[in-house]
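Chains as they are written, first to last, in my numbering: chain U, 303 to 695; chain S, -4 to 368.
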């Protein structure tokens, strides 16, 4: 296996493993717990390192995971005291723990390969140099095995506790009522997040953990409406972002973690813009078509109001229409074109008249949908031809 | 180490104090508006701005880098707002995405310029973790000017910001430009954050925003005192942290300041009067230990009916004790009633209700009768 392939594999496995628990975090509105955990595990790792003097000891992972859960317990305890709001309790706990970690490193571990840079930024490019050797047999990069195991663990836990986790996420009240403990589910999830963050921080750094845990699930949240698809779409987005991110980093010779995070952001931005129905473009399109539809209806109301009155020749003439409707000329032209296209109005010379279809639509616009079920043709005087009405609309 | 002799220490302490003051003042508003973690996102989002500013100008002047950082941080807050207003992605996820993605872009840029042949970029990494010892005179001067401007604006627009923080709906009903005020307050917060990046770094900056405010909130229930306490705590932690880290070898300044702050928060959470945990504990046990006065008063009232012509006739404690359940401390209940002027001791050592006590008892009696009806 070439070094590049190993890096790509580690990146994809890490991305998928992170996005799975991340989906729950995004839906539970506790996304920033991932940020807190990925920073706060530092002192746990440092203390475990002091005990074992071995950066590759599995005890480091265990200690870090325990610290992660401890972080959540601390945050919850602060929250339960009702002295600080939730966001502040996160913001109080993790910098304190991170500071302890940094101080421990700089005071007692200045001469080993354990620095804050590598924790925060990660260096995926170095992962292939750390191979797992059992009984003299080369088994491949250690990070790949670790993250593979974590991915498997995430998959197993999520599929075993599928409906419990889903229920506790979507409706904690109902979950409690039905006898599933939302607290147990919460801590199960937090343990998964801790383990994943710990495994991933070593490979890709804690900032990329945050990016991979939040951005792909949030991207999926913009694209799909059901829970299971959100999980898979999120995982796929994460994997693709990791691949593209690696390609970008390779091409530009820059930080792999950084470019993966950037690509995650690009994917999210693309979804934000282009998502069907929810995207900004779809929103803008919907708004402009609503605007056009409203314009057409107002045009019809205006025409019917003046049709067959003395002022018809003045009010319903295309060149002067925009003055009476108090619209811009461009908008007026656009609305008239739309109405003509749908055969709601007919033009004779410069004079515009509503067709039968147009009359029906105007009636809907003024009277409302429910009344318009009666055919308009049966009510010839539906209020539009009243010559007593003052002109000017 | 003495604060007045050592030039570097004096500079670092001054810088940290300025940082503590501005982040204390503006952090209080962020804290009250539930935007504590915005600081975290903004400080991370500032990184690409710093690197880009350097790439475009080639200068490492603090003002240039801070303008870059500020612009990037501000764009970050706009991105968060856009996502929250125009999509269903929740606020915290939006913060997390901006934080990680901007930081990732910053890393890409940073590693890119590190590959360039000239070594002029050295030192930009100090923004990641903060390097207070590298503070120069011009850095501190820039920090002071920016901080003073931010605080001055805060004071000038104080009333509006106060209203915005506590009741934005009322503010907009008064015709205040809520959106613009919100933008201004966020911009000031961004200024407070970029001031601190060089000293404490990206990760720990969020603590500088949250912690002084969280501690100050324990000691005051009014805005102005809270902000002033937060400023004082920020300044104190900045100076104490700088002195500690300079007198103990290999103790980095930023984390030390944050740990000093965190200890102050912990102490405040436990010890602050009224809101503190210890206070709450004592209060609850005092409430538990306090005897229930009403039943004893009602017994006295009932006894006084035995002597319709002399309602102030004294009744022995022993009688009252037989009327009460065995676990009631009748003597202390009587003392409590006497303290409130509801009962009095007669010359023969007995107890009688006062006129006020009889009226109170009648009121309780009627209320209970009303509840039963």
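Glycine included, each C-beta is placed from N, C-alpha and C at the ideal position.
Note that this is a predicted model, so its numbers are computed, not measured.
Alpha-carbon spacing of residue i relative to residue j, whole angstroms
{"i": "residue 179 of chain S", "j": "residue 521 of chain U", "result": "30 Å"}
{"i": "residue 632 of chain U", "j": "residue 90 of chain S", "result": "41 Å"}
{"i": "residue 591 of chain U", "j": "residue 232 of chain S", "result": "58 Å"}
{"i": "residue 688 of chain U", "j": "residue 669 of chain U", "result": "Since pLDDT at residue 688 of chain U reaches only 45, below the 50 mark, its modelled position is unreliable, and no value is offered."}
{"i": "residue 629 of chain U", "j": "residue 644 of chain U", "result": "21 Å"}
{"i": "residue 657 of chain U", "j": "residue 606 of chain U", "result": "10 Å"}
{"i": "residue 131 of chain S", "j": "residue 194 of chain S", "result": "11 Å"}
{"i": "residue 400 of chain U", "j": "residue 365 of chain U", "result": "15 Å"}
{"i": "residue 329 of chain S", "j": "residue 313 of chain S", "result": "12 Å"}
{"i": "residue 291 of chain S", "j": "residue 315 of chain S", "result": "7 Å"}
{"i": "residue 321 of chain U", "j": "residue 481 of chain U", "result": "28 Å"}
{"i": "residue 101 of chain S", "j": "residue 330 of chain U", "result": "29 Å"}
{"i": "residue 196 of chain S", "j": "residue 351 of chain U", "result": "25 Å"}
{"i": "residue 376 of chain U", "j": "residue 64 of chain S", "result": "32 Å"}
{"i": "residue 270 of chain S", "j": "residue 359 of chain S", "result": "32 Å"}
{"i": "residue 651 of chain U", "j": "residue 584 of chain U", "result": "38 Å"}
{"i": "residue 119 of chain S", "j": "residue 29 of chain S", "result": "31 Å"}
{"i": "residue 41 of chain S", "j": "residue 187 of chain S", "result": "12 Å"}
{"i": "residue 356 of chain U", "j": "residue 210 of chain S", "result": "39 Å"}
{"i": "residue 674 of chain U", "j": "residue 646 of chain U", "result": "For residue 674 of chain U, the predicted structure reports a pLDDT of 46, less than 50, and the residue's modelled location is therefore unreliable. The matter cannot be settled from this model."}
{"i": "residue 111 of chain S", "j": "residue 343 of chain U", "result": "34 Å"}
{"i": "residue 578 of chain U", "j": "residue 528 of chain U", "result": "15 Å"}
{"i": "residue 448 of chain U", "j": "residue 219 of chain S", "result": "52 Å"}
{"i": "residue 282 of chain S", "j": "residue 465 of chain U", "result": "45 Å"}
{"i": "residue 549 of chain U", "j": "residue 569 of chain U", "result": "15 Å"}
{"i": "residue 23 of chain S", "j": "residue 154 of chain S", "result": "15 Å"}
{"i": "residue 334 of chain S", "j": "residue 305 of chain S", "result": "23 Å"}
{"i": "residue 595 of chain U", "j": "residue 506 of chain U", "result": "51 Å"}
{"i": "residue 56 of chain S", "j": "residue 109 of chain S", "result": "18 Å"}
{"i": "residue 304 of chain U", "j": "residue 444 of chain U", "result": "15 Å"}
Outcome for residue i when other beta-carbon atoms lying within 10 angstroms are tallied against a minimum of 16
{"i": "residue 346 of chain S", "result": "buried"}
{"i": "residue 343 of chain S", "result": "exposed"}
{"i": "residue 19 of chain S", "result": "buried"}
{"i": "residue 379 of chain U", "result": "exposed"}
{"i": "residue 566 of chain U", "result": "buried"}
{"i": "residue 509 of chain U", "result": "buried"}
{"i": "residue 82 of chain S", "result": "buried"}
{"i": "residue 80 of chain S", "result": "exposed"}
{"i": "residue 181 of chain S", "result": "buried"}
{"i": "residue 681 of chain U", "result": "Note that residue 681 of chain U has pLDDT 45, beneath the 50 cutoff, so the model's placement of it is unreliable and no number is given."}
{"i": "residue 299 of chain S", "result": "buried"}
{"i": "residue 358 of chain U", "result": "exposed"}
{"i": "residue 144 of chain S", "result": "exposed"}
{"i": "residue 586 of chain U", "result": "exposed"}
{"i": "residue 296 of chain S", "result": "buried"}
Cβ-Cβ distance between residue i and residue j below 9 Å
{"i": "residue 184 of chain S", "j": "residue 33 of chain S", "result": "yes"}
{"i": "residue 345 of chain U", "j": "residue 206 of chain S", "result": "no"}
{"i": "residue 327 of chain U", "j": "residue 518 of chain U", "result": "no"}
{"i": "residue 429 of chain U", "j": "residue 446 of chain U", "result": "yes"}
{"i": "residue 336 of chain U", "j": "residue 324 of chain U", "result": "yes"}
{"i": "residue 599 of chain U", "j": "residue 648 of chain U", "result": "no"}
{"i": "residue 704 of chain U", "j": "residue 511 of chain U", "result": "The shown model of chain U, from 303 to 695, leaves out residue 704 of chain U, and the question about it has no answer."}
{"i": "residue 86 of chain S", "j": "residue 75 of chain S", "result": "yes"}
{"i": "residue 394 of chain U", "j": "residue 202 of chain S", "result": "yes"}
{"i": "residue 574 of chain U", "j": "residue 614 of chain U", "result": "no"}
{"i": "residue 53 of chain S", "j": "residue 252 of chain S", "result": "no"}
{"i": "residue 408 of chain U", "j": "residue 247 of chain S", "result": "yes"}
{"i": "residue 25 of chain S", "j": "residue 230 of chain S", "result": "no"}
{"i": "residue 500 of chain U", "j": "residue 363 of chain U", "result": "yes"}
Q | Whole alpha helix (DSSP H) elements within the region 331 to 376 of chain U, 4-residue minimum | A | 334 to 342, 344 to 354
Q | Residues within the region 372 to 397 of chain U neighbouring chain S, beta-carbon criterion of under 7 Å | A | 383, 385, 386, 387, 389, 390, 392, 393, 394, 397
(Q) Using a Cβ-Cβ cutoff of 8 Å, what residues of the region 286 to 304 of chain S are near chain U? List them in chain order. (A) none
Q) Quick one, which residues of the region 328 to 358 of chain U are near chain S if we go by CB-CB under 8 Å, in chain order? A) The residues in question are 328, 331, 332, 333, 334, 336, 337, 341.
Q. Which residues, taken in chain order from the region 514 to 541 of chain U, show a beta carbon closer than 7 Å to some beta carbon of chain S?
A. 516, 517, 520, 523, 524
Q. Name the residues in the region 209 to 233 of chain S whose C-beta lies less than 9 Å from a C-beta of chain U; which are they?
A. 209, 212, 213
Q | Contact set between the region 82 to 95 of chain S and chain U, restricted to residues whose Cβ is under 9 Å from the partner | A | 82, 83, 84, 85, 86, 87, 88, 89, 90, 91, 92, 93, 94, 95: these are the residues of the region 82 to 95 of chain S whose beta carbon lies less than 9 Å from some beta carbon of chain U, given in chain order.
Q) Whole alpha helix (DSSP H) runs in the region 184 to 258 of chain S with 4 or more residues, listed along the chain? A) 218 to 242
Q: Check distances from the C-beta atoms of the region 435 to 458 of chain U to those of chain S and list, in chain order, the residues that come in under 8 Å.
A: Answer set for the region 435 to 458 of chain U: empty.
Q: Taking a Cβ distance cut-off of 8 Å, strictly less, list which residues of the region 468 to 493 of chain U are near chain S, in chain order.
A: none
Q: Determine which residues of the region 27 to 42 of chain S have a Cβ less than 8 Å from any Cβ of chain U, and write them out in chain order.
A: 29, 30, 31, 32, 34, 35, 39
Q. Fully enclosed by the region 475 to 559 of chain U, which alpha helix (DSSP H) runs are 4 residues long or longer?
A. 484 to 506, 508 to 525, 529 to 554
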